[in-house]
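Residue numbers for the sequence shown follow my numbering, so the first one is 898 and each next one is one higher. Heads up, the beta-carbon is just placed ideally off N, CA and C, and yes, glycines get one too. Comments concern the structure below.
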Amino acid sequence: MNLLTGTRRRGGTGAGKGSRSVLRALAAAATVAALAVSVTSATATAAPAAIPPGLSCDTGKHAIDEYTGFALCRNNGSQTQTLWVHLVCGWAPDVDGNRVTLRPGESGQSTAHCGKIGTGIGEIHVRP
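This is the structure:
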């Protein structure tokens, strides 16, 4: 069949039948692979990030730039802690934010930015 005109060629041999079945098999395999990747990606981003003990943190994406993530934390413990935000960036490399050292009772923020070639922030973790 000519895809541009929508007409079929008459006569000739059935050589195209084999290639069509191969193309159908490849299309089916590609569909299954795409579904497997999307299911895996959905479950990977659903995992909650654990916050280190002694800290209370709010994490999120920047209101204007969805490629920038943050962790705003308060040290409720009795010891000084150093922390940073870790962003899982999809297709771009994962990134770590600036190190923040908090004495007991202090608050601080760590920010990081995913590369624009990626799909944006998938997960936000606070690392000790």
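Decide if residue i is buried, meaning its Cβ has at least 16 other Cβ atoms within 10 Å, or exposed.
i, result
"His1022", "buried"
"Gly994", "buried"
"Asn972", "buried"
"Gly1002", "exposed"
"Ala1009", "buried"
Quick one: what's got a C-beta closer than 7 Å to residue i's C-beta in the same chain, skipping five residues either side?
i, result
"Lys1013", "Tyr964"
"Gly987", "Gly1015, Thr1016, Gly1017 and Gly1019"
Going by beta carbon distance, what residues of the same chain come within less than 8 Å of residue i, once the five residues before and after it are set aside?
i, result
"Val997", "Cys970, Thr979, Leu980, Trp981, Gly1005, Gln1006 and Ser1007"
Could you spell out where the beta strand (DSSP E) holding residue i opens and where it closes?
i, result
"Glu1020", "Glu1020 to Arg1024"
"His1010", "Ser1004 to His1010"
"Gly957", "Leu952 to Lys958"
"Gly966", "Thr965 to Asn972"
"Trp988", "Where Trp988 is concerned, there is no enclosing beta strand (DSSP E), given that its DSSP letter is neither H nor E."
Which residues in the same chain have their Cβ closer than 6 Å to the Cβ of residue i, if we skip the five residues on either side of it in sequence?
i, result
"Val985", "Asp991, Gly1019 and Glu1020"
"Ala968", "Cys954, Thr956, Val982, Ser1007 and Val1023"
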